[in-house]
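Taking it in order: structure first as structure tokens, then the write-up.
Protein chains: 2
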Amino acid sequence: MTARTSSETARDIPEATVARLPVYLRALTTLSEQGTSTCSSEELAVAAGVNSAKLRKDLSYLGSYGTRGVGYDVEYLRYQIAREIGVTQDWPVVIVGIGNLGQALANYSGFRSRGFRTVALLDADPARRDEVVAGLVVRPFADLEQIVHDHAVAIGVIATPAVAAQDVADRMVACGITSILNFAPTVISVPDQVDVRKVDLSIELQILAYHEQRKTQGAPSQEVGA
Amino acid sequence: MTARTSSETARDIPEATVARLPVYLRALTTLSEQGTSTCSSEELAVAAGVNSAKLRKDLSYLGSYGTRGVGYDVEYLRYQIAREIGVTQDWPVVIVGIGNLGQALANYSGFRSRGFRTVALLDADPARRDEVVAGLVVRPFADLEQIVHDHAVAIGVIATPAVAAQDVADRMVACGITSILNFAPTVISVPDQVDVRKVDLSIELQILAYHEQRKTQGAPSQEVGA
DNA sequence: AGGAGTTTGTGAACGGGAGAACAAAACGGA
DNA sequence: TCCGTTTTGTTCTCCCGTTCACAAACTCCT
Ligand SMILES: NC(=O)c1ccc[n+]([C@@H]2O[C@H](COP(=O)([O-])OP(=O)(O)OC[C@H]3O[C@@H](n4cnc5c(N)ncnc54)[C@H](O)[C@@H]3O)[C@@H](O)[C@H]2O)c1
Ligand SMILES: NC(=O)c1ccc[n+]([C@@H]2O[C@H](COP(=O)([O-])OP(=O)(O)OC[C@H]3O[C@@H](n4cnc5c(N)ncnc54)[C@H](O)[C@@H]3O)[C@@H](O)[C@H]2O)c1
């Protein structure tokens, strides 16, 4: 947005590309596990589900990591992308709201393997206090500041009901968290320097429903009363 | 894309707009619950977290539902958007993979209230069989075809491990499902007429990590060994 | 060593979406 | 009835992202 300090290695990677880098990273990990040591942009593009020209252009923002006539070294490229994204080391994460979704997130092993470490689970409900989820004790929300400070947490996950989301976000920001992943179906407002990404499952379903309705041109009639 | 049959109300709504309509719908529902009967594009835009010009342009694709000098009737607009998206009636949905995430989804009440009804929970694991989650019995994956047929299911949710996702998708498509919401971190390929949307929480976190790394310019050093 | 074949990196054309800006429309008050 | 005020619907311009197409670069084979 604002002109970045052009010093350092501050290459400016388009947002659309940033969103695809994790997909490439995953595809490369899969290829690597299958024993592939080299791959062409075409192969990787298929594995990632994108156009190969787009893939090449995306990678070109990082640098020239391929060899013409040969392709890319899987391990090398994987590392370069991981480094660019910043997942070569662990990011400490706190999850707030340990209900249905929060527990599923806490139990998910995929975060750990992708560079994220859940350092604390917080919930406002005293009844949840001291419960153990995924090897971590659920702690009172008031502990947030202490935890963020102790573990240098920069990323927070909100899995509370929508009504509580703005308040939780405000407190996170006050504690110094600068990146928020919000699962609550509500718009939360934060200062400019804080990044918020939202995941709204209902919206995804509604988008599918829209297209579905289009396919069956007008009337998904008969199953209504079924 | 291709010239649609201009008969019927087949207006062509841009994909970016379709993705925002559910957000407007949610904002309108909130306004309605607060007792607001009329709102301007500016008010609604704030509630939805978008630019008011963009909001007006989006709504203009649906028709002229506002009144100049006045604004929009909240209830009326809410209904029009719901109708356009196709959530004025219930869409039956099946969830496959009743693990951590699948259970959370099954227990989530927000789907029901937004036009989606979970009609079946399927899992390949015999140990999960007959378990009751959210009032529904977990059934064997083999029952998929029967269920899809009986309830005229068009939308399927995949919450299995990544390795099983493609197979589950293939079977869903074979049964006649034409819209898939995929939570497994893998690319699945389906015929053209089938819509797939993916939700990948790890990717979201990685995008946050990228920007986070940028903010702290190079070195999120000290917390590594903490 | 040289030429044929392969694949990357990128310039350029294209399409779609975002936002500013404004004219048209509705309302209210005099 | 007429004018000022408000707010929508839409046009216009700009920017970002996608895709095509190709020259540059590298390998391998003869
Ligand atoms: N469960 C799902 O599959 C699903 C799907 C889509 C969206 N969501 C959204 O995710 C959020 C969580 O869903 P859920 O099903 O886990 O809900 P839930 O009610 O099971 O859990 C919410 C948890 O948040 C805690 N909480 C409430 N206020 C809090 C506060 N101020 N500070 C800290 N903790 C607080 C509650 O004690 C509870 O444990 C909701 O906003 C929901 O709309 C959930
Ligand atoms: N739990 C999370 O918060 C989370 C977060 C991000 C992504 N995911 C992804 O969502 C998916 C599910 O995650 P989870 O934590 O619930 O995993 P899980 O292992 O708890 O559950 C997976 C379930 O799928 C079932 N299953 C396996 N193969 C199947 C098949 N062929 N047909 C039908 N059912 C089958 C298993 O029996 C199991 O019950 C995974 O792909 C995971 O990567 C989960």
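Heads up: the protein sequence lines correspond to chains A and B, in order. Our numbering applies: residue 1 is where the first sequence begins, and numbers increase by one. Our numbering applies: residue 227 is where the second sequence begins, and numbers increase by one. All residues carry an ideal CB built from backbone N, CA and C; glycine is no exception.
Could you give the DSSP three-state label for residue i: helix, strand or coil?
{"i": "A:V18", "result": "helix"}
{"i": "B:P318", "result": "strand"}
{"i": "B:I311", "result": "helix"}
{"i": "A:V50", "result": "coil"}
{"i": "B:D214", "result": "In the structure as shown, chain B begins at 227 and stops at 452. Residue 214 of chain B is therefore absent and cannot be evaluated."}
{"i": "A:Y65", "result": "coil"}
{"i": "B:G261", "result": "coil"}
{"i": "B:V416", "result": "coil"}
{"i": "B:T442", "result": "coil"}
{"i": "B:A332", "result": "helix"}
{"i": "B:R435", "result": "The displayed chain sequence assigns Ala, not Arg, to residue 435 of chain B. DSSP places B:A435 in helix when its eight states are reduced to three."}
{"i": "A:A120", "result": "strand"}
{"i": "A:D167", "result": "helix"}
{"i": "A:T2", "result": "With a pLDDT of 33 at A:T2, under the threshold of 50, the modelled position of this residue cannot be trusted, and the question is left open."}
{"i": "A:I13", "result": "coil"}
Identify the contact partners of residue i in chain A, using a Cβ-Cβ distance below 7 Å as the criterion.
{"i": "B:H375", "result": "Per Cβ cutoff of 7 Å: no residues; B:H375 is ~11 Å from chain A at best."}
{"i": "B:V358", "result": "Correct list: empty, because the minimum Cβ distance to chain A is about 15 Å."}
For the putative contact between residue i and residue j, defined by C-beta atoms under 8 Å, what is the C-beta separation to the nearest angstrom?
{"i": "B:I373", "j": "B:V416", "result": "In fact, because the Cβ distance is near 19 Å, the residues do not count as touching under 8 Å."}
{"i": "A:G102", "j": "A:A159", "result": "4 Å"}
{"i": "A:I81", "j": "B:L431", "result": "That belief does not hold up - the Cβ atoms of A:I81 and B:L431 are roughly 15 Å apart, past 8 Å."}
{"i": "B:A274", "j": "B:L285", "result": "At roughly 11 Å, the Cβ-Cβ gap does not stay under 8 Å, so B:A274 and B:L285 are not in contact."}
{"i": "B:V296", "j": "B:T262", "result": "Contact doesn't hold; Cβ gap of about 13 Å is too wide."}
{"i": "B:R309", "j": "B:S258", "result": "Rounded, the Cβ-Cβ distance is 16 Å, inconsistent with contact."}
{"i": "A:A134", "j": "A:N107", "result": "5 Å"}
{"i": "B:G433", "j": "A:P22", "result": "Per the sequence presented here, residue 433 of chain B reads as Ile, with Gly not at that position. Indeed they touch by this definition, with Cβ atoms about 7 Å apart."}
{"i": "A:A104", "j": "B:A410", "result": "At roughly 14 Å, the Cβ-Cβ gap does not stay under 8 Å, so A:A104 and B:A410 are not in contact."}
{"i": "A:V157", "j": "A:V96", "result": "7 Å"}
{"i": "B:V420", "j": "B:V399", "result": "6 Å"}
{"i": "A:V138", "j": "A:D150", "result": "Contact doesn't hold; Cβ gap of about 17 Å is too wide."}
{"i": "A:R121", "j": "A:D143", "result": "According to the sequence displayed, residue 121 of chain A carries Leu and not Arg. In fact, because the Cβ distance is near 10 Å, the residues do not count as touching under 8 Å."}
Using a cut-off of 7 Å between C-beta atoms, extract the partners of residue i located in chain B.
{"i": "A:V87", "result": "Q432, A435"}
{"i": "A:Y108", "result": "N326"}
{"i": "A:R26", "result": "P411"}
With respect to the beta strand (DSSP E) encompassing residue i, which residues constitute its N-terminal and C-terminal limits?
{"i": "A:R197", "result": "195-198"}
{"i": "B:D299", "result": "297-299"}
{"i": "A:S179", "result": "179-182"}
{"i": "A:I155", "result": "155-158"}
{"i": "A:R114", "result": "Per DSSP, A:R114 belongs to no beta strand (DSSP E) and is neither H nor E."}
{"i": "A:P185", "result": "Counting along the chain, A:P185 falls outside any beta strand (DSSP E), and DSSP gives it neither H nor E."}
{"i": "A:P140", "result": "136-140"}
Which residues in chain A have a C-beta closer than 8 Å to the C-beta of residue i? List them in chain order.
{"i": "B:S258", "result": "The premise fails here: B:S258 is roughly 15 Å from chain A at the closest Cβ pair, so nothing lies under 8 Å."}
{"i": "B:N277", "result": "Correct list: empty, because the minimum Cβ distance to chain A is about 13 Å."}
Which residues of chain B have a Cβ atom closer than 9 Å to the Cβ of residue i, listed in chain order?
{"i": "A:G229", "result": "For chain A, the structure presents residues 1 to 226; residue 229 of chain A sits outside this window and is missing."}
{"i": "A:K215", "result": "A380, T404, S405, Q419, D421"}
{"i": "A:A104", "result": "G325, N326, L327, G328, Q329, A330, L331"}
With respect to 7 Å, is the separation between the Cβ of residue i and the closest non-hydrogen atom of ligand 4 below this value?
{"i": "A:V168", "result": "Looking at this structure, you won't find ligand 4 anywhere; what it does contain is ligand 1 and ligand 2."}
So which residues on chain B does residue i lean against when the C-beta distance must stay under 8 Å?
{"i": "A:D195", "result": "L434, H437, E438"}
{"i": "A:P22", "result": "D426, S428, I429, Q432, I433"}
{"i": "A:I155", "result": "L431, L434, A435, E438"}
{"i": "A:A19", "result": "I429, I433"}
{"i": "A:R114", "result": "S428, L431, Q432"}
{"i": "A:F111", "result": "L427, S428, L431"}
Which residue comes first and which comes last in the alpha helix (DSSP H) that contains residue i?
{"i": "A:D150", "result": "144-151"}
Can you pull the chain A residues whose beta carbon is under 9 Å from the beta carbon of residue i, in chain order?
{"i": "B:A274", "result": "V187"}
{"i": "B:G323", "result": "The premise fails here: B:G323 is roughly 12 Å from chain A at the closest Cβ pair, so nothing lies under 9 Å."}
Would you check if there are 3 or more beta carbon pairs closer than 8 Å linking the region 303-317 of chain B to the region 334-342 of chain B?
yes
Three or more C-beta pairs below 8 Å linking the region 170-179 of chain A and the region 198-214 of chain A:
no
How about the region 265-274 of chain B and the region 293-301 of chain B: do they share at least three Cβ pairs that are nearer than 8 Å?
yes
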